[in-house]
Amino acid sequence: MIRTEGLAKTFTLHLRGGMQLPVFSGIDLTVHSGECVVLSGPSGAGKSTLMRSLYGNYRAGAGHIWIRHHGGMVDIAASEPRIVLAVRRETLVYVSQFLRVVPRVSTLDIVADEPITRGIAPDEARDMAGSLLLRLNIPRRMHGIPPATFSGGEQQRVNVARGFIAAHPILLLDEPTASLDAENRSVVVGMIQEAKARGTAVVAICHDADVRAAIADRLYPLSPAREAA
Amino acid sequence: MTAVPNGHDGLITARGLYLSFGAIPALVDVDIDLWPGEVLAVVGESGSGKTTLLNVLSGRVAPDAGAVLYTDPEGEQHDVHTMPAPALRTLHRSDWGFVHQDPKQNLRMNVSAGGNVGERLMARGARHYGTIRAEAIDWLTQVEIDADRVDDLPRTFSGGMLQRLQIARTLVTHPRLVFMDEPTGGLDVSVQARLLDLIRTLVARLGIAAVLVTHDIAVARLLAHRIAVMQRGRVVETGLTDQVLDDPQHAYTQLLVSSVLQV
Ligand SMILES: Nc1ncnc2c1ncn2[C@@H]1O[C@H](COP(=O)(O)OP(=O)(O)O)[C@@H](O)[C@H]1O
Ligand SMILES: Nc1ncnc2c1ncn2[C@@H]1O[C@H](COP(=O)(O)OP(=O)(O)O)[C@@H](O)[C@H]1O
Ligand SMILES: [Mg+2]
Ligand SMILES: [Mg+2]
Numbered sequence: 100m101i102r103t104e105g106l107a108k109t110f111t112l113h114l115r116g117g118m119q120l121p122v123f124s125g126i127d128l129t130v131h132s133g134e135c136v137v138l139s140g141p142s143g144a145g146k147s148t149l150m151r152s153l154y155g156n157y158r159a160g161a162g163h164i165w166i167r168h169h170g171g172m173v174d175i176a177a178s179e180p181r182i183v184l185a186v187r188r189e190t191l192v193y194v195s196q197f198l199r200v201v202p203r204v205s206t207l208d209i210v211a212d213e214p215i216t217r218g219i220a221p222d223e224a225r226d227m228a229g230s231l232l233l234r235l236n237i238p239r240r241m242h243g244i245p246p247a248t249f250s251g252g253e254q255q256r257v258n259v260a261r262g263f264i265a266a267h268p269i270l271l272l273d274e275p276t277a278s279l280d281a282e283n284r285s286v287v288v289g290m291i292q293e294a295k296a297r298g299t300a301v302v303a304i305c306h307d308a309d310v311r312a313a314i315a316d317r318l319y320p321l322s323p324a325r326e327a328a
Numbered sequence: 007m008t009a010v011p012n013g014h015d016g017l018i019t020a021r022g023l024y025l026s027f028g029a030i031p032a033l034v035d036v037d038i039d040l041w042p043g044e045v046l047a048v049v050g051e052s053g054s055g056k057t058t059l060l061n062v063l064s065g066r067v068a069p070d071a072g073a074v075l076y077t078d079p080e081g082e083q084h085d086v087h088t089m090p091a092p093a094l095r096t097l098h099r100s101d102w103g104f105v106h107q108d109p110k111q112n113l114r115m116n117v118s119a120g121g122n123v124g125e126r127l128m129a130r131g132a133r134h135y136g137t138i139r140a141e142a143i144d145w146l147t148q149v150e151i152d153a154d155r156v157d158d159l160p161r162t163f164s165g166g167m168l169q170r171l172q173i174a175r176t177l178v179t180h181p182r183l184v185f186m187d188e189p190t191g192g193l194d195v196s197v198q199a200r201l202l203d204l205i206r207t208l209v210a211r212l213g214i215a216a217v218l219v220t221h222d223i224a225v226a227r228l229l230a231h232r233i234a235v236m237q238r239g240r241v242v243e244t245g246l247t248d249q250v251l252d253d254p255q256h257a258y259t260q261l262l263v264s265s266v267l268q269v
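Chains as they are written, first to last, in our numbering: chain D, 100 to 328; chain Y, 7 to 269.
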């Protein structure tokens, strides 16, 4: 589902006199359908950077990111924006660490947005969104308000709901359980396991040993790159 | 492999645009591509050439060099700056729309709100009064203006309402392409949020392509699929919106992004 070849990323910090910050290079990562690979390594090792590169959010410095999309392979690292957007619309979901809220839009509508764009009737989409939010212990009285004022854990669950409603073949999860209590953690773990059983390829970042043990088929270790001059 | 369109089905293709006002180069070597249904934000600080670019793309101002091609729904390409003036006017009335920062540039202040919206339909050939009025009222409601304001003059409207009225007037004819110049500029923040939400929803629902000029990166983040960053008349960086804002490559883009708190 995902195959990277020689993927590399170096940031150039122009505001710091063009300082080069190499994060990783030579990444060959393959993830199959129904498999969960957990990116591991200390803070700053480049886990989030790698995940964002897979999503096309960060630009790859070198190499390829092959994504299975509609039976063909698309190289995210070399595709035009509208191809990347099409892949995100139908194939690739990214649950970021923090929810980026859209002003004025209710929690329910944020979650229902993806199925509506997919062509599902708005009422049905809102029903799907409602049940997913309830499963994640976001009570119905909160569905009608924008999540801007929610706690970190609540926002994270809204973010998770938004990612899982899509049921896309590839799921990228950056610390999806980091600010959740044990009960909600196990709800999310259950959702990840169901997604894998459906054949979803999952790449995850998570520090929690129990969560990791419950979802990971394999670890992909990253080590911090040397600082360049 | 996914089919990659061959470059001939772009809505707008601009190549090598150059324009100077005396010694000031307002556009230097600018290439722009816009695809059907795509929202492109043009960002950059004041004086970087954004409005000039919008005026050149929409045929309102001629460049010193370069060409702007528009592909009509039949797939025929037109050079915006060499096509006959009446044909360009027809384009502006039918396929295209223009949203100005100052709604008064577009609205007729001595004509009722409903008249402002209905007028565009009439210019396109609608004749039945009842239908025109009904559609005008429908559009006023879509932009969250009470139907009972339909006979009021725009002069009695607030700034945010005027902008929403301008949007209704522009979108009522279902243009394929809308040019927007700082559509939320000069409005209070709370009014801006409402307007942005409205533009976002309408543009997505109608599948409209847009070139959106803004100095506000948060506006670009919310509305645009793709961003072009301008500095001193040049496009210094272009790409997917979140990629350009989260992983800016050009020194100027890094400066622009770092000077905003949280977008
Ligand atoms: N947009 C960015 N611009 C510049 N440097 C970045 C950016 N994103 C991440 N980095 C840097 O890349 C390195 C890896 O960070 P990150 O991928 O967040 O690590 P991890 O997720 O493993 O903790 C860090 O040094 C971080 O500062
Ligand atoms: N009609 C004009 N006559 C002379 N100079 C102009 C005219 N229009 C724009 N300029 C100049 O061209 C440059 C770009 O302006 P403009 O396109 O309005 O920038 P922006 O919209 O990014 O603020 C500026 O230096 C501006 O002063
Ligand atoms: Mg991280
Ligand atoms: Mg301007």
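The C-beta atom is built at its ideal place from N, Cα and C for all residues, glycine as well.
Best match in the options for proximity to residue i [C-alpha to C-alpha]
i               : options                        : result
D101 of chain Y : Y:G120, Y:A226, Y:H84          : Y:H84
Q255 of chain D : D:Q196, D:A313, D:L114, D:G116 : D:Q196
E51 of chain Y  : Y:R126, Y:P109, Y:D78, Y:R240  : Y:R240
A260 of chain D : D:T216, D:M227, D:A324, D:L120 : D:M227
V74 of chain Y  : Y:E44, Y:I38, Y:S164, Y:K56    : Y:I38
Q119 of chain D : D:V137, D:G160, D:C135, D:S147 : D:G160
S118 of chain Y : Y:A129, Y:R99, Y:R130, Y:I143  : Y:I143
R126 of chain Y : Y:L97, Y:D152, Y:G72           : Y:L97
Q2 of chain Y   : Y:R139, Y:G165, Y:T207         : Given a span of 7 to 269 for chain Y in the structure shown, any question on residue 2 of chain Y remains unanswerable.
K108 of chain D : D:G116, D:L149, D:R115         : D:L149
G120 of chain Y : Y:V263, Y:V225, Y:F27, Y:R155  : Y:R155
N283 of chain D : D:I237, D:A211, D:T206, D:I166 : D:I237
Y319 of chain D : D:S147, D:I175, D:R239, D:R167 : D:S147
T270 of chain Y : Y:Q148, Y:V67, Y:M115, Y:L229  : In the structure as shown, chain Y starts at 7 and stops at 269, and residue 270 of chain Y therefore has no counterpart that could be examined.
A211 of chain D : D:S152, D:V257, D:R181, D:H168 : D:V257
R206 of chain Y : D:M241, D:P246, D:P202, D:A296 : D:P202
R99 of chain Y  : Y:R238, Y:V242, Y:F185         : Y:F185
L228 of chain Y : Y:I173, Y:F27, Y:T179, Y:L246  : Y:L246
H221 of chain Y : Y:R133, Y:V263, Y:L208, Y:M128 : Y:V263
G140 of chain D : D:D309, D:L279, D:I304         : D:I304
A294 of chain D : D:A281, D:V310, D:F263         : D:F263
L23 of chain Y  : Y:G53, Y:W41, Y:L60            : Y:L60
A277 of chain D : D:D307, D:S250, D:F249, D:A296 : D:D307
H169 of chain D : D:Y157, D:I209, D:I182, D:G162 : D:I182
V217 of chain Y : Y:A32, Y:L33, Y:L40            : Y:L40
Through-space distance from residue j to residue i, alpha-carbon basis
i               : j               : result
L94 of chain Y  : T259 of chain Y : 35 angstroms
V219 of chain Y : Q292 of chain D : 45 angstroms
V62 of chain Y  : G103 of chain Y : 14 angstroms
T162 of chain Y : H106 of chain Y : 19 angstroms
E253 of chain D : L168 of chain Y : 37 angstroms
E179 of chain D : V36 of chain Y  : 18 angstroms
I223 of chain Y : A210 of chain Y : 19 angstroms
A324 of chain D : F123 of chain D : 6 angstroms
V10 of chain Y  : Y76 of chain Y  : Any reading at V10 of chain Y needs caution, since the residue's pLDDT is 35, under 50, leaving its predicted position unreliable; the model's value is listed next. If you take the alpha carbons of V10 of chain Y and Y76 of chain Y, they lie about 20 angstroms apart.
D127 of chain D : L193 of chain Y : 50 angstroms
T57 of chain Y  : M100 of chain D : 44 angstroms
R200 of chain Y : G105 of chain D : 45 angstroms
V186 of chain D : E213 of chain D : 13 angstroms
A327 of chain D : R115 of chain D : Model confidence at A327 of chain D stands at a pLDDT of 44, short of 50, so the residue's coordinates are unreliable and nothing is read from them.
L17 of chain Y  : T176 of chain Y : 19 angstroms
F27 of chain Y  : A71 of chain Y  : 13 angstroms
P189 of chain Y : A257 of chain Y : 27 angstroms
N12 of chain Y  : G229 of chain D : Note that N12 of chain Y has pLDDT 41, beneath the 50 cutoff, so the model's placement of it is unreliable and the number below is only indicative. Rounded to whole angstroms, N12 of chain Y to G229 of chain D spans 42 angstroms at the Cα level.
R167 of chain D : L198 of chain D : 26 angstroms
L113 of chain Y : A29 of chain Y  : 34 angstroms
L272 of chain D : G145 of chain D : 14 angstroms
Compile a chain-ordered list of the residues in the region 179-191 of chain D whose CB is closer than 9 angstroms to at least one CB of chain Y.
E179, P180, R181, I182, V183, L184, A185, V186
When a residue counts only if its C-beta is closer than 6 angstroms to some heavy atom of ligand 1, which residues count, in chain order?
D:F110, D:L120, D:V122, D:G140, D:S142, D:G143, D:A144, D:G145, D:K146, D:S147, D:T148, Y:D252, Y:D253
Taking three-plus beta-carbon pairs below 8 angstroms as touching, is the region 42-50 of chain Y in contact with the region 227-236 of chain Y?
yes
Could you name the residues, in chain order, whose CB is less than 5 angstroms away from a heavy atom belonging to ligand 2?
Y:F27, Y:I30, Y:A32, Y:S52, Y:G53, Y:S54, Y:G55, Y:K56, Y:T57, Y:T58
Would you check if the region 308-316 of chain D and the region 274-290 of chain D touch, i.e. whether three or more CB-CB distances between them fall below 8 angstroms?
yes
Please list the residues of the region 137-151 of chain Y that have a C-beta atom closer than 9 angstroms to any C-beta atom in chain D, keeping them in chain order.
none
Is it a yes or a no for the region 176-193 of chain D touching the region 260-269 of chain D, going by three-plus beta-carbon pairs under 8 angstroms?
yes
Listed in chain order, which residues of the region 114-146 of chain D have Cβ atoms closer than 7 angstroms to some Cβ of chain Y?
L114
Check distances from the C-beta atoms of the region 225-237 of chain Y to those of chain D and list, in chain order, the residues that come in under 8 angstroms.
L228, H231, R232
What are the residues of the region 12-46 of chain Y that lie near chain D, defined by any Cβ-Cβ distance shorter than 8 angstroms?
W41, E44
Just by C-beta distance, which residues in the region 255-272 of chain D are closer than 7 angstroms to chain Y?
none
Are the region 297-304 of chain D and the region 130-142 of chain D touching, with three or more C-beta to C-beta distances below 8 angstroms?
yes
Proximal residues, the region 153-177 of chain D versus chain Y, C-beta separation under 8 angstroms
G155, N156, Y157, R158, H168, H169, G171, M172, V173
Under 8 angstroms: do the region 151-167 of chain D and the region 246-266 of chain Y share three or more Cβ pairs, one atom per stretch?
yes
Taking a Cβ distance cut-off of 9 angstroms, strictly less, list which residues of the region 198-221 of chain D are near chain Y, in chain order.
R199, V201, P202, R203, V204, T216
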